[in-house]
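Each residue of the sequence shown is one higher than the last, beginning at 3 in my numbering. Glycine is no exception: its CB is placed at the ideal position from the N, C-alpha and C atoms. What follows is a set of notes on a single structure, which appears directly below.
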Amino acid sequence: MLQVEEALAAVLSAAASARAAPRGVPLHDALGLVLAEEVRAPDPLPPFRASIKDGYAVVSSDGPGEYPVITESRAGNDALGVVVAPGTVAYVTTGGPIPDGADAVVQVEDTEQIPAGADGSKRVKILVRAAEGQDIRNVGCDIEKDSIVLKSGELIGPAEIGLLATVGVTTVKVYLRPTIAVFSTGDELVQPATATLSRGQIRDSNRAMLLAAAVQQKCKVVDLGIAEDTEESLKEHLDAALRSDADIILTSGGVSMGDRDLVKPCLAKMGKIHFEKIRMKPGKPLTFAEITTQDTSKPSKTVLAFGLPGNPVSCMVCFNLFVVPAIRLLSGWSNPHLQRVHVRLSHPLRADLHRTEFHRAVIRWMLNDGSGRPGYVAESTGHQASSRLLSMKSANALLEVPSTGQILAAGTSIQAILISDIISYPSNKPPAASDPPPSHFGPSSKSISTDVPQLSASQNTEVKVAILTVSDTVSSGAGPDRSGPRAVSVVNSSSEKLGGATVVATAVVPDEVDKIKGILVQWSDIDCVNLILTLGGTGFTPRDVTPEATKSIIEKEAPGLIFVMLQESLKITPFAMLSRAMAGIRGSTLIINMPGNPNAVAECMEALLPALKHALKQIKGDKREKHPRHTPHAAAAPVDQWERSFRAASAGSGGGCSCEP
C-alpha cells in the first residue's frame, strides 16, 4: 500500500511520459491553454516616441510663453516631415507620435488657449516649464525589440492573448487539454432519469459527477454509460474508450475486494497496473494503470486509466488529488500540484490512527481567524462518511489530517488543499449565530463536537500552550506539518501533568528571524500564553535561526531544560548533539525550542514533564520550592506546610523538612 505522495509521483511520472506533442492553434482558440514555445517581440513597443497625454509637444528649453501651433499629431498619424523648432509647438493626442525636434509634452491642463488670428493661425500659451522627456514614451519603453514577451509553460489568459496580438502572433503553439472517457460499473446502477427504483437499484451519480468535474477542468469528455459487472462488458467499455482517442479513462466502482470487482483484473490484462491501494481516507482502493493503444490505423499512444472507488466521496476526492494533477501535466503545466494554504480549525477534529484523512471543508478568509489576526478558517462539512456526497457539497478544500489518532484542537493550524474557489466574508461582520467564529483562546462549548472530552473551566484557563512550527517547507505549502499536530496531541494527553494545559494557538512560519520573533512576542506579551513550544530550525544549516530569534527576545535563559532534552535525545541518536536549542522566559511565558522531528518532540516533552508544571507555577510568581524530602501531613494545610518548608530552607536549617521535630 503506497503513501499518497508515492502514488501521486507515479501518476505524474506516467503523465509526463504520455503527454502529447504541442500543436499550433489559432490565437482565438488559445485561451486557457499552456504555451509550448517562447515568444519574442519582432518590433519595439511603442515603435515611435509617443505622447502620454493630450497636450503640446515643445522644446523644453523654451519655457513658458506664447507659441504658434505649427501642426497636429494624432494617434494614427505618422508625423513624418514635421519638425518642432525652438519657439514653436505641435498639438499631440495621447498615443500620437512626437514630432522631430520636440523633447517634452505639456498637458492641456497647463496651457491656455489664445483666439486664432485673422489668417486662422493658432497660438497657445504654455504656463509651466517642461522637463526634458516629460510625458513621452520612448521607443521600446514598454517592450524592447527581440525581448521575451511570453515564456514556454505560461498559461494563456486574456492579457496573454493581448500580448500575442500586440507582437503579431496569430497562430500559437500550445499543449492541448486531454480527452477524458468516463463510465460507471455496477449491476445495481440505473440511469439518473429512472423515475422508480426497484429493490437493490441506485441511480448512477458518479458518472454525472465525473463528467461535470472533467468539463470544469476544460477537458473534452466522452460519456460511455454504465458497464455491467462482467469481464465482457468491462472490456467492451474499455475498448470503446480507447477507440474514442481518449487520453484518460475514468471508471468508478469495481475496484474493491468483492467477487464482482473486476476492474483491476481487466486493466491488468490490457495494460500495466502501477498501484491498487493507497494509505488514505477516503479512497483507499484507487487503482491506476497505463494502457498502450493497439490500433494499427493510428499511431500508438499511452492512455492513463484510473479505477476510482465506487463510493461517491472517495471517487471525487481521488479525482481531485490524482486526476486533476494528471490533467494539468498533460495540459502542459510545469507545476501540476494543487495549491495548499494554512488554515485554522474552527472545531476540533479527531485524526484517523492508520491513514491520512482528507477531510472535506469550507475555508474562508476571515479578518479575525480567532487569534486576533487575519487568516483562513476551516469549517468541516459535517459527517465524513465516504458514501455521503453531502460532505462534498460546497467544499472548497481538503484538510490533510495526519494519521495520529489524536484530537486536533480548535485553532490548530493545518494544511488545506484547495479544490475550488475560496469564499470570503466581505467585511469584519462575524458569521451568523449558528456558525460561531473560531476562538483559539478558550473555545466555547458550542464549537466543540460532542465526542471530544470537555475541559473544566479551570483547565481551560490554567495553562495556555501555543505551538509554533518553524519550517520553510511547511510554510510554503511544499510539505505537510507533521510536528505541529504531534505536539498538540502530546500536550493534550499530558494536560493534567502540566497543570491543566490546553493548546490555545498554533502557527507555521518560515525560517526567518523577524517572523519567528513577531509571533513569539505576540503570544507572550499580548495573548499571555504560559508555554510556547517552537518546533524545528535548531540545527546547523544556514536557515536554522530559531535559537537566534528566541535568544533575542527572552529575558532569562533556562539551560537546564535544554540539558535534559539533550540527554534524552542522545539516547536515540548521536546527532542530537548538533542541536542549538534555546529555552528561556519572557515576562510570564516559558519558551522552549524543540526539534522538528515528530518523534523527538514526544521524547523531549516526556523528559521535561516532571518539572514543567512546577516551572510554570514559579514563572507565575509561586516562590515555594519543590522540597524533595517533604511529604505533606494529612492534618496540615498544604499551603501552610509549603510555607513552613520554604521558610525553614531559606533560614539555612540544614536542608531538613520544617515538619520534622
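Query raised in the report: By DSSP, does K237 sit in helix, in strand, or in coil?
Result: Residue state for K237 is assigned as helix, using DSSP reduced to three classes.
Query raised in the report: Does the beta-carbon of N337 have 16 or more other beta-carbons within 10 angstroms, so that it is buried, or is it exposed?
Result: By the neighbour-count criterion, in which 16 or more other beta carbons inside 10 Å mark a residue as buried, N337 falls on the exposed side.
Query raised in the report: So, are the CB atoms of S53 and R139 less than 9 angstroms apart?
Result: Contact flag set, yes.
Query raised in the report: Excluding five sequence neighbours on each side, which residues of the same chain lie with their C-beta closer than 7 angstroms to the C-beta of D64?
Result: For D64, where only same-chain residues beyond five positions count, the Cβ hits under 7 angstroms are P88, G89.
Report task. Identify, in the order they occur along the chain, each residue of the same chain with its Cβ nearer than 8 angstroms to the Cβ of G21, setting aside the five sequence neighbours on each side. Result -> Looking at the sequence provided, one finds Arg at residue 21 rather than Gly. Taken in chain order, the residues that qualify are Y177, L331, L332, G334.
Query - Buried or exposed (CB count within 10 angstroms, at least 16 for buried), T172 - result: By the 10 Å Cβ count, T172 comes out exposed.
Query - Pick from A602, E608, L592, P612 that is closest to K622, judged by C-alpha positions - result: Looking at the Cα atoms, L592 is the closest of the given residues.
Query - Three-state secondary structure (DSSP) of T96 - result: If DSSP states are grouped into helix, strand and coil, T96 belongs with coil.
Query - DSSP-derived helix/strand/coil call for N208 - result: DSSP, reduced to helix, strand and coil, places N208 within a helical segment of the structure shown.
Requested in this report: Following the continuous beta strand (DSSP E) through R51, name the residue where it begins and the one where it ends.
Outcome: Secondary structure note for R51: it is in no beta strand (DSSP E), with a DSSP letter that is neither H nor E.
Query raised in the report: Three-state secondary structure (DSSP) at T304?
Result: In this structure, T304 counts as strand in the three-state DSSP scheme.
Report task. Decide yes or no for the touch test of the stretch 510 to 518 against the stretch 374 to 382: beta carbon pairs closer than 8 angstroms, at least 3 of them. Result -> With the rule of 3 Cβ pairs closer than 8 angstroms, the stretch 510 to 518 does not count as touching the stretch 374 to 382.
Query raised in the report: Per the contact definition of three or more C-beta pairs closer than 8 angstroms, is the stretch 250 to 269 in contact with the stretch 307 to 316?
Result: In the pairwise beta carbon analysis, the stretch 307 to 316 is classified as touching the stretch 250 to 269: at least three pairs are separated by under 8 angstroms.
Requested in this report: Count the other CB atoms, across all protein chains shown, that sit within 10 Å of the CB of V217; report buried if there are 16 or more and exposed otherwise.
Outcome: Exposed: under 16 other Cβ atoms inside 10 Å.
Query - Cβ-Cβ distance between L37 and V174 below 9 angstroms - result: Yes, these two residues count as a Cβ contact at 9 angstroms.
Query raised in the report: Which runs of the alpha helix (DSSP H) fall wholly inside the stretch 106 to 191 and span at least 4 residues, in chain order?
Result: With a minimum length of 4 residues, the continuous alpha helix (DSSP H) runs that stay inside the stretch 106 to 191 are 160 to 168.
Query raised in the report: With 16 as the cutoff for other CB atoms within 10 Å, does M607 come out buried or exposed?
Result: With 16 or more other Cβ atoms from the protein chains shown falling within 10 Å of its own Cβ, M607 counts as buried.
Query raised in the report: Would you call the stretch 264 to 280 and the stretch 229 to 244 in contact, with 3 or more CB pairs under 8 angstroms?
Result: Touching, yes, given that three or more Cβ pairs across the two stretches are closer than 8 angstroms.
**Report entry** Status (buried if at least 16 other CB within 10 Å, exposed otherwise) for M3
**Finding:** It is exposed - the Cβ of M3 has fewer than 16 other Cβ atoms within 10 Å.
Query - Reference A270; option with closest CA among E292, S554, E114 - result: When only C-alpha atoms are compared, the closest one is E292.
Query raised in the report: How do the stretch 127 to 139 and the stretch 12 to 28 stand: do at least 3 beta-carbon pairs fall below 8 angstroms, yes or no?
Result: Look at the beta carbons and you see the stretch 127 to 139 not touching the stretch 12 to 28: under three pairs across the two are nearer than 8 angstroms.
**Report entry** Cα-Cα separation, D31 to E162
**Finding:** Note on geometry: alpha-carbon atoms of D31 and E162 lie some 13 angstroms from one another.
Query raised in the report: Which first and last residues belong to the alpha helix (DSSP H) in which H616 is found?
Result: Taken as a continuous stretch (DSSP letters only), the alpha helix (DSSP H) holding H616 covers 600 to 621.
Report task. Whole angstroms is fine: what's the gap from G83's alpha carbon to L157's? Result -> Cα to Cα, G83 sits roughly 44 angstroms from L157.
**Report entry** Beta-carbon contacts of D105 that lie in its chain and below 6 angstroms, excluding the five residues immediately before and after
**Finding:** Excluding sequence neighbours, D105 sits near S62, E134.
Requested in this report: May I ask which residues mark the beginning and end of the alpha helix (DSSP H) holding P487?
Outcome: 485 to 495 is the extent of the alpha helix (DSSP H) around P487.
Query raised in the report: Looking at C-alpha atoms only, which residue of Q219, M394, P487 is the closest neighbour of V506?
Result: Per the C-alpha coordinates, the member of Q219, M394, P487 positioned closest to V506 is P487.
**Report entry** DSSP-derived helix/strand/coil call for T548
**Finding:** Helix.
Report task. Flag this pair as yes or no: are the beta carbons of R366 and I424 separated by less than 9 angstroms? Result -> Yes; because the gap between Cβ atoms is below 9 angstroms, this pair is in contact.
Query raised in the report: Of all the beta strand (DSSP E) runs that stay within the bounds of the stretch 506 to 538, which reach a length of 3 or more residues?
Result: Counting whole runs of 3 or more residues, the stretch 506 to 538 contains the beta strand (DSSP E) stretches 533 to 537.
**Report entry** Complete runs of the beta strand (DSSP E) confined to the stretch 237 to 263 [at least 3 residues]
**Finding:** Correct list: 250 to 254.
Query raised in the report: Is DSSP giving M282 helix, strand or coil here?
Result: If DSSP states are grouped into helix, strand and coil, M282 belongs with the strands.
Requested in this report: Output the residue ranges of the beta strand (DSSP E) runs that lie fully inside the stretch 342 to 384 and measure 3 residues or longer, sorted by chain position.
Outcome: Those beta strand (DSSP E) runs which fall completely within the stretch 342 to 384 and span 3+ residues are 342 to 347, 358 to 368, 377 to 382.
Query raised in the report: For L347 versus G413, is the C-beta distance shorter than 9 angstroms?
Result: Yes, these two residues count as a Cβ contact at 9 angstroms.
**Report entry** For L240 and M272, believed in contact at Cβ under 8 angstroms, the rounded distance
**Finding:** Taking the Cβ atoms as the reference, M272 lies roughly 6 angstroms from L240, within the contact range of under 8 angstroms.
Query raised in the report: Where does R588 land, buried or exposed, given buried means 16+ other C-beta within 10 angstroms?
Result: Flag for R588 reads buried.
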